[in-house]
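My numbering applies: residue 3 is where the sequence shown begins, and numbers increase by one.
We put the CB at the ideal spot given by N, CA and C, even for glycine.
All figures in this text were calculated on a predicted structure; none of them were measured in a lab.
One structure is given here, and the rest of the page talks about it.
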Amino acid sequence: MKLGIIGTNWITEQFISAAEATGKFELTSIYSRTKEKAQAFGQKFTHVSECFSDLTEFFTKGSFEVVYIASPNSLHFEQTLQAIEAGKHIIVEKPMCSNPFEMKQLLEKLHKHPEIYCFEAARHLHEPNFKTIKAQIKQLPVIQGANLTYEKYSSRYDQFLAGEEPNVFSLSYSGGALQDLGVYLVYDAIAWFGIPQSSHYYPVKLRNGIDGAGTAILEYPDFNVVLNMGKTANSELPGEIYGLKETIRMDNAAELQKVELVDATGNVTMLSVDPAQNPMLAEAEAFAAVLSETDSLENKQLQQDWLAYAVEVNKVLYELRQSVGIKFLADEPYVDR
């Protein structure tokens with residue numbers, strides 16, 4: 003399948019490498035704000051045949067079948083709509099939308115174009131260790147809660163401290179710790195425990211009102227799940243899921259490189275397998291498998307199931323922001339709704 007990309011940063015390069023490693027994709031088309039930047043990026047890959055600096059031309063004249071969108075968060079929604087209209091399958095980096103109002107419009111558009119497959123690139127959802135944790139949770143006789151952490155110092159935080167406002171620390175671009183790193187943890191919670199009854203966020207706000215770090219509490223009928231996220235420091239805290247006497251322990255609740263079960267006597271059983279060198283390989287393989295046979299009812303259901311997760315994650319992210327008044331520029335058209 004011919005692949006087009008929006009965005010020429012490190013995460014795009016990592017996804018292209020994973021996609022081409024599946025043997026099902028080849029990068030042919032690149033969009034960047036300048037053609038020179040697109041061409042320079044394209045020199046790293048073998049099959050690139052076209053570069054664009056006009057997004058409309060990219061979608062209307064590009065020869066690709068699948069687009070990978072890795073632009074700033076606030077642009078994902080409009081670019082995904084354009085991709086649907088252009089008849090392209092879509093892999094869009096999380097978060098797919100800034101709020102549920104955008105998500106509703108996106109779902110309506112997809113309903114009118116059932117031939118289009120749209121995926122949110124929540125990579126860990128497709129990884130073996132993520133699925134192992136989900137299966138192990140089902141074997142716990144009791145769940146008493148969880149504490150999940152993902153705090154990673156952003157390379158852009160130095161710019162922010164120097165007085166700049168990079169996209170990932172901007173309300174205008176739907177940035178912040180919750181949207182960028184917390185989204186992994188919300189995926190964990192919803193996929194492993196279901197939809198919470200209520201949620202609240204305790205952010206550490208920076209000078210412009212964006213959340214540089216924060217703690218979220220998701221309330222379930224019989225337990226709570228605590229999510230710790232941040233882009234201004236590094237944390238080595240493990241993630242833990244509590245049974246009655248057992249604990250599922252992971253080195254990191256997003257990267258999931260090491261997962262263990264600790265029993266009542268302290269015995270440790272390793273549950274994880276060694277992760278792929280490229281952390282995006284599992285999702286690339288999953289998307290390739292589904293897109294290789296779009297007429298399959300099973301694949302259509304898989305895509306719908308993954309999209310349903312994206313919808314629920316989007317709702318929780320929005321509720322958490324609303325609980326503390328973090329408002330994005332993308333929210334303004336929907337203030338009175």
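{"query": "Going by DSSP, what residue range makes up the beta strand (DSSP E) through VAL50?", "result": "Per DSSP, VAL50 belongs to no beta strand (DSSP E) and is neither H nor E."}
{"query": "Run through DSSP, which three-state label would ILE93 get?", "result": "strand"}
{"query": "Excluding sequence positions up to five away, which residues of its chain have a Cβ less than 8 Å from the Cβ of LEU265?", "result": "Rather than Leu, the amino acid found at residue 265 in this sequence is Asp. Closer than 8 Å at the Cβ level, and outside the excluded window around ASP265, lie LYS247, GLU248, THR271."}
{"query": "Does the stretch 134 to 142 come into contact with the stretch 242 to 261, if we say contact requires no fewer than three beta-carbon pairs (one atom in each stretch) closer than 8 Å?", "result": "yes"}
{"query": "If you scan the stretch 22 to 91 from start to end, which runs of the alpha helix (DSSP H) of 4 or more residues do you find wholly inside it?", "result": "37 to 44, 57 to 63, 78 to 87"}
{"query": "Among LYS260, TRP194, ALA218, which one has its Cα closest to the Cα of GLN181?", "result": "ALA218"}
{"query": "Going residue by residue through the stretch 216 to 240, where are the continuous beta strand (DSSP E) segments of at least 3 residues, counting only ones entirely within it?", "result": "226 to 232"}
{"query": "Please name the residue or residues paired with ASN149 in a DSSP beta bridge.", "result": "VAL228, GLU242"}
{"query": "With a cut-off of 8 Å, does the C-beta of ASP333 fall near any C-beta of chain C?", "result": "Checking the listed chains, one finds no chain C in this structure; it contains a single protein chain."}
{"query": "In chain order, what residues of the same chain lie with their CB nearer than 7 Å to the CB of GLU52, ignoring the 5 residues before and after it?", "result": "THR30, SER31, GLY64, SER65"}
{"query": "Taking just the CA atoms, how far does GLY178 sit from PRO102?", "result": "17 Å"}
{"query": "Taking DSSP's pairing of strands, which residues face CYS120 in a bridge?", "result": "ILE92"}
{"query": "Can you tell me whether DSSP reads LYS4 as helix, strand or coil?", "result": "strand"}
{"query": "On the three-pair Cβ rule with 8 Å, is the stretch 279 to 299 touching the stretch 161 to 176?", "result": "no"}
{"query": "For LEU187 and TYR152, which I take to be in contact (beta-carbon distance under 8 Å), what is that distance rounded to the nearest angstrom?", "result": "6 Å"}
{"query": "Using the C-alpha atoms, what's the distance from LYS317 back to ILE92?", "result": "21 Å"}
{"query": "State the Cα-Cα distance for the pair GLY211 and ILE328, rounded to the nearest angstrom.", "result": "7 Å"}
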